[in-house]
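Right, one structure below, let's go through it.
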Amino acid sequence: MPNVVLSSKLRPYDSIFLQEWIHSAVQRHYIRNKSKRFWHPEQNLVAPLPQTQEHSFFHAAFHPGSYTFVRIVKFHKVHNYTVYATIRDASHMILCFFTSQCVLDYEMHNNDRITLNTINTLFVVGQVTLEFWNQAEVQRHYGLSFPNMPMVPILKIEQAQIFDRDQIGSTKPFNWVYYAF
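The numbering of the sequence shown is my numbering, which starts it at 1106 and goes up by one.
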């Protein structure tokens, strides 16, 4: 009898909830703004989360296609209650920051710091805005530079809830979305 390989096993995902979305979402807006002088932020790149948390967790588990999941790769800095981090989807990494209100909501709901034991933890995010920062801002907040880019796409996350506390690391290396354009 021949071996049967499920289509879900063709790509080595570390979570069935984690899908590829960062590259396609960012590239579309980056290319559109590249020829413009002013880089306008893209509001609601990811829709807001439902109001009730219980509904959100169960609904996300049974209908993952309507939610956006990320893993936190690294925390760079905390300044004025804003947390600067690197996140990833199933294929690419991108810089982001969690707003002070997002951090406050997370810490009140979970009675825990957002930076405490959340590296490689699966989060569901909502109300995400794509912003474009210059190199000086990126260097100041993240200590990184991407010299090939006139403006660096950064995700502003206003809602984040932990979905799965398992801190599963991946042996697969992930590329920055900035090198994919």
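All residues carry an ideal CB built from backbone N, CA and C; glycine is no exception.
* Is the Cβ-Cβ distance between residue 1174 and residue 1229 less than 8 Å? -> Yes.
* Beta-ladder partner(s) of residue 1188, from DSSP -> Note: residue 1188 is bridge-paired with 1183 and 1203 in the DSSP secondary-structure output.
* Answer with buried or exposed for residue 1202, where buried requires no fewer than 16 other C-beta atoms within 10 angstroms of its C-beta. => By the C-beta density criterion, residue 1202 is buried, having at least 16 other C-beta atoms within 10 angstroms.
* In angstroms, rounded to a whole number, what distance separates the CA positions of residue 1237 and residue 1123? -> Spanning the alpha carbons of residue 1237 and residue 1123 requires a straight line of approximately 24 Å.
* Asked: By a C-beta neighbour count over all protein chains shown, 10 Å radius and 16 as the cutoff for buried, is residue 1125 buried or exposed?
  -> In this structure residue 1125 is exposed. Its beta-carbon is surrounded by fewer than 16 other beta-carbon atoms within 10 angstroms.
* Hey, could you find the ends of the beta strand (DSSP E) residue 1267 is sitting in? => Counted as a single uninterrupted DSSP element, the beta strand (DSSP E) harbouring residue 1267 occupies residues 1257 to 1269.
* Outcome for residue 1260 when other beta-carbon atoms lying within 10 angstroms are tallied against a minimum of 16 -> When all chains shown are included, residue 1260 counts as buried.
* Asked: How should residue 1276 be labelled, buried or exposed, when 16 other C-beta atoms within 10 angstroms of its C-beta is the threshold for buried?
  -> It is exposed - the Cβ of residue 1276 has fewer than 16 other Cβ atoms within 10 Å.
* To do: Kindly list the residues whose CB is nearer than 7 Å to the CB of residue 1129, restricted to its own chain and excluding five residues on each side of it in sequence; keep chain order.
  => Within the same chain, residue 1129 has no close Cβ partners at all.
* Cα-Cα separation, residue 1220 to residue 1248 -> In a straight line, the C-alpha of residue 1220 is about 18 Å away from that of residue 1248.
* To do: Answer with buried or exposed for residue 1258, where buried requires no fewer than 16 other C-beta atoms within 10 angstroms of its C-beta.
  => Answer is buried; the Cβ neighbour count reaches 16.
* Run through the stretch 1224 to 1249 for me and flag every whole beta strand (DSSP E) of 3 or more residues, listed as ranges in chain order. => The stretch 1224 to 1249 contains these whole beta strand (DSSP E) runs: 1227 to 1238.
* Asked: Between the Cα of residue 1225 and the Cα atoms of 1192, 1144 and 1256, which residue gives the shortest distance?
  -> Per the Cα distances, 1192.
* To do: Less than 8 Å between the CB atoms is what I'm expecting for residue 1205 and residue 1187, so what's the real figure, rounded?
  => Contact flag correct, Cβ pair sits at about 5 Å.
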